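Input: a single structure, listed below in structure tokens.
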Amino acid sequence: DGFVSNVPLLTEEETARVAAAIDRVTALGEGHPGFAFLHEFHRSQRGNEAEDVVSHALGHWRLEEALWELVYNQKMALVAGELLAAMKADSGQGGEQGPERARRVPVRLWHDQFFSKPAGVGGGVSWHQDMSYWTRTAPVAHLTCHVALDAQTEQNGGLQFVPGSHRWTRDGGAPMPMLDADFASDEASFLASLRPEEREAFRPVPSRLKRGEASFHHALTVHGSGANKSAGPRRAAVVNICADGTAATVAGCLLPGTPPLKAGDA
Numbered sequence: 015d016g017f018v019s020n021v022p023l024l025t026e027e028e029t030a031r032v033a034a035a036i037d038r039v040t041a042l043g044e045g046h047p048g049f050a051f052l053h054e055f056h057r058s059q060r061g062n063e064a065e066d067v068v069s070h071a072l073g074h075w076r077l078e079e080a081l082w083e084l085v086y087n088q089k090m091a092l093v094a095g096e097l098l099a100a101m102k103a104d105s106g107q108g109g110e111q112g113p114e115r116a117r118r119v120p121v122r123l124w125h126d127q128f129f130s131k132p133a134g135v136g137g138g139v140s141w142h143q144d145m146s147y148w149t150r151t152a153p154v155a156h157l158t159c160h161v162a163l164d165a166q167t168e169q170n171g172g173l174q175f176v177p178g179s180h181r182w183t184r185d186g187g188a189p190m191p192m193l194d195a196d197f198a199s200d201e202a203s204f205l206a207s208l209r210p211e212e213r214e215a216f217r218p219v220p221s222r223l224k225r226g227e228a229s230f231h232h233a234l235t236v237h238g239s240g241a242n243k244s245a246g247p248r249r250a251a252v253v254n255i256c257a258d259g260t261a262a263t264v265a266g267c268l269l270p271g272t273p274p275l276k277a278g279d280a
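To convert, count from 1 in the sequence shown and add 14; that's the numbering used here.
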């Protein structure tokens with residue numbers, strides 16, 4: 015289907031520490047002593063702090079101990095390594111098949127993110143494939159670990175996936191085009207970008223993650239989430255992971271504040 019869900023990952027204590035760290039980064043913003051280490055920070059990705067709010071950041075693992083511990087979580091790395099090995103075999107890049115294929119591949123951190131939707135005014139995240147934002151790297155050997163810091167429901171804007179959409183590509187395996195860098199495009203615009211057979215197969219399913227659970231999804235899996243209409247926050251920590259050997263396809267800095275690379279550097 016392109017995803018696995020409801021994987022127990024964090025204890026209640028670990029979940030509380032990660033949630034508190036994300037709340038601290040969000041509240042302090044530019045006032046956080048480590049703010050300069052962030053790759054991106056948006057108190058509201060839409061620019062409106064009164065409604066349709068999605069707080070979003072990249073690079074916060076360098077600011078808070080609990081977030082550093084999350085990106086180095088051993089269980090997450092082991093699950094990711096096994097899933098990436100299966101993805102590699104499925105794509106025909108894996109060499110040996112069946113019981114002889116590698117059970118797990120070495121993994122690397124691509125970057126981290128968080129998405130925080132405040133009670134009542136939290137906005138949605140439009141349908142997209144993560145790889146549409148990552149075309150500066152290759153091959154497609156990436157996945158995303160999404161960790162629920164609050165129980166996720168349809169009412170509070172929980173994560174949803176479109177089963178089978180990890181096989182929806184363009185131009186010989188490229189991801190679908192990116193419609194909006196701020197995750198704000200509407201569903202009609204996204205559906206208009208699909209082929210007829212993809213529109214027919216567009217049947218999202220909710221993840222319904224419990225607090226401390228994680229989902230893992232392929233970089234081409236279409237996913238999104240609705241607005242938070244509940245009385246509580248809906249926060250998630252995200253770790254984007256790639257297989258060792260993933261390389262830059264362009265020269266320059268792949269993320270703001272990182273050293274420049276040459277095309278082909280891994």
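Beta carbons are placed, not taken as given, at the ideal position from N, Cα and C, and that holds for glycine. Note that the structure is predicted; figures quoted are calculated from it, not measured.
Following the continuous alpha helix (DSSP H) through residue i, name the residue where it begins and the one where it ends.
| i | result |
| --- | --- |
| G95 | Q88 to D104 |
| L205 | E201 to A206 |
Compare the beta carbon distance of residue i and residue j with 8 angstroms and say whether it is the shorter of the two.
| i | j | result |
| --- | --- | --- |
| H232 | Q174 | no |
| L163 | R225 | yes |
| R118 | A103 | no |
| S239 | M192 | no |
| E211 | W141 | no |
| L72 | E54 | yes |
| L241 | G171 | Residue identity check: residue 241 is Ala in the sequence provided, not Leu. The answer is yes: Cβ separation under 8 angstroms. |
| P177 | P247 | no |
| V39 | F129 | no |
| A228 | V161 | yes |
| R60 | G134 | no |
| V21 | L84 | no |
| G16 | H180 | yes |
| C256 | T151 | yes |
| A94 | F230 | yes |
| C159 | V253 | yes |
| T263 | T149 | yes |
| R222 | Q166 | yes |
| A155 | M190 | no |
| D258 | P120 | yes |
Beta strand (DSSP E) containing residue i: first to last residue?
| i | result |
| --- | --- |
| R249 | R248 to A257 |
| L173 | L173 to F175 |
| S69 | S69 to L72 |
Helix, strand or coil for residue i, going by three-state DSSP, please let me know.
| i | result |
| --- | --- |
| E26 | helix |
| A188 | strand |
| K276 | coil |
| A80 | helix |
| T149 | coil |
| V219 | strand |
| V135 | coil |
| G271 | coil |
| G266 | strand |
| A33 | helix |
| A261 | strand |
Looking only at DSSP bridge pairs, what is residue i linked to?
| i | result |
| --- | --- |
| A50 | Partner(s): none; A50 has no beta bridge. |
| R122 | C256 |
| C159 | F230 and V253 |
| H142 | H237 |
| N20 | According to DSSP, N20 bridges with nothing at all. |
| Q169 | Its beta-bridge partners do not exist; DSSP assigns none. |
| H56 | H70 |
| S130 | S69 and R249 |
Quick one: is residue i near chain D, going by C-beta distance under 8 angstroms?
| i | result |
| --- | --- |
| W75 | Here there is only one protein chain, and chain D is not present. |
What is the C-beta distance between residue i and residue j, in whole angstroms, given that I count them as a contact (C-beta under 8 angstroms)?
| i | j | result |
| --- | --- | --- |
| K243 | Q169 | 6 angstroms |
| G45 | R76 | Incorrect: roughly 16 angstroms between the Cβ atoms, too far for contact. |
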